[in-house]
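Numbering (this note's numbering), first residue to last: 18 to 341.
Structure, as structure tokens:
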Ligand code: CP
């Protein structure tokens with residue numbers, strides 16, 4: 018009996034919805050797309066004729082620009098809309114905005130939104146493919162995928178690794194997507210931060226909880242350091258940024274006490290001197306810019322697969338096969 022054809026489904030809303038096989042297939046599909054960004058002419062005809070709208074209702078540097086690069090390098094036609102320059106400021110709803118875009122015959126929407134669930138809400142209401150580029154504190158699936166790819170590149174596996182996510186877990190969609198993805202691929206996952214920044218019942222997700230960053234550093238192979246999301250805090254979560262750095266900051270002094278060389282990730286944007294010191298961020302254990310580079314390949318893979326591509330044909334698609 019032949020294997021069923023691979024499908025990622027219509028949308029990518031979160032890693033909670035994906036199987037381990039689907040996650041591995043996205044990472045494997047990203048591999049051939051890495052090379053496109055190293056070419057002099059960074060363009061392949063994979064998504065020629067497809068129209069993609071990037072609807073970013075919250076600020077973004079890495080995600081927005083790397084989606085746009087991914088789309089352009091796949092030869093899609095792209096349009097960018099931000100909250101302040103759209104008719105949302107005049108009271109138009111998200112669904113009405115999307116329906117108007119649909120009326121102009123688009124194929125995909127990449128959405129970042131401040132409300133948890135916004136991407137899924139839209140995915141259920143429009144026929145275009147929807148990609149979640151971060152929704153409230155729910156999920157940021159492509160960030161977790163690029164984190165997984167970067168860890169796999171450096172350590173040649175995910176299964177069996179101990180990965181600790183340090184920082185503001187409470188407000189973090191990156192933490193949630195990483196937890197789902199890492200556990201599905203067989204890693205052990207820890208979280209570390211002040212009690213005020215750990216969601217109640219987080220251990221029910223199957224993660225180990227560390228109160229002290231020194232213990233997390235002793236346990237882990239990989240640290241994924243998250244920033245304090247000051248814009249989502251209404252005060253009172255930490256006594257001060259200086260105090261947070263003193264107790265939870267990832268510094269060379271702390272890493273030197275680890276029993277092994279840790280790999281250090283950070284999704285950005287960083288608050289240098291708060292959750293991570295500059296000598297770590299710019300040091301030999303950091304793969305922070307490698308994450309950013311991998312973000313383009315991962316997003317190319319996601320767009321290609323949602324458009325109906327299959328992992329085995331990604332290499333051929335780059336040379337003119339495209340997606341039907
Ligand atoms: N990692 C991340 O989502 O960064 P941006 O907010 O700059 O997109």
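Every residue, glycine too, gets a C-beta built ideally from N, C-alpha and C.
Since this is a predicted model, take the numbers as computed values, not measurements.
Pick from the options that is closest to residue i, judged by C-alpha positions
{"i": "residue 133", "options": "121, 194 and 177", "result": "194"}
{"i": "residue 317", "options": "62, 32 and 202", "result": "62"}
{"i": "residue 332", "options": "213, 46, 149 and 42", "result": "46"}
{"i": "residue 295", "options": "207, 267 and 321", "result": "267"}
{"i": "residue 178", "options": "114, 160, 151 and 207", "result": "207"}
{"i": "residue 328", "options": "38, 78 and 27", "result": "38"}
{"i": "residue 115", "options": "141, 131 and 101", "result": "141"}
{"i": "residue 112", "options": "53, 145 and 151", "result": "145"}
{"i": "residue 153", "options": "334, 187 and 287", "result": "187"}
{"i": "residue 242", "options": "235, 230, 236 and 248", "result": "230"}
{"i": "residue 174", "options": "160, 339, 199 and 150", "result": "199"}
{"i": "residue 100", "options": "182, 221, 171 and 131", "result": "131"}
Inter-residue CB distance, residue i and residue j (contact presumed, cutoff 8 Å)
{"i": "residue 202", "j": "residue 176", "result": "6 Å"}
{"i": "residue 168", "j": "residue 255", "result": "28 Å between Cβ atoms; not a contact."}
{"i": "residue 43", "j": "residue 315", "result": "7 Å"}
{"i": "residue 184", "j": "residue 210", "result": "6 Å"}
{"i": "residue 286", "j": "residue 244", "result": "7 Å"}
{"i": "residue 311", "j": "residue 166", "result": "5 Å"}
Beta-carbon spacing of residue i, residue j below 8 Å
{"i": "residue 59", "j": "residue 93", "result": "no"}
{"i": "residue 282", "j": "residue 164", "result": "yes"}
{"i": "residue 191", "j": "residue 157", "result": "yes"}
{"i": "residue 29", "j": "residue 319", "result": "yes"}
{"i": "residue 123", "j": "residue 139", "result": "no"}
{"i": "residue 272", "j": "residue 279", "result": "yes"}
{"i": "residue 81", "j": "residue 73", "result": "yes"}
{"i": "residue 300", "j": "residue 269", "result": "yes"}
{"i": "residue 96", "j": "residue 70", "result": "yes"}
{"i": "residue 161", "j": "residue 247", "result": "no"}
Counterpart residues of residue i in DSSP-defined beta bridges
{"i": "residue 59", "result": "In the DSSP output, where bridge partners are listed per residue, residue 59 has none listed."}
{"i": "residue 205", "result": "179"}
{"i": "residue 68", "result": "94"}
{"i": "residue 127", "result": "71 and 148"}
{"i": "residue 303", "result": "281"}
{"i": "residue 29", "result": "148"}
{"i": "residue 293", "result": "267 and 289"}
{"i": "residue 227", "result": "209"}
- Mind listing, in chain order, the continuous beta strand (DSSP E) runs of no fewer than 3 residues lying wholly within the region 133 to 201? For the region 133 to 201, whole beta strand (DSSP E) runs of length 3 or above, ordered along the chain, are 146 to 152 and 179 to 183.
- Quick one: which unbroken alpha helix (DSSP H) runs of 4-plus residues sit fully inside the region 238 to 272? Chain order, please. With a minimum length of 4 residues, the continuous alpha helix (DSSP H) runs that stay inside the region 238 to 272 are 258 to 265 and 269 to 272.
- ligand 2: which residues have Cβ under 7 Å from any of its heavy atoms, chain order? Ligand 2 is not part of this structure, which contains only ligand 1.
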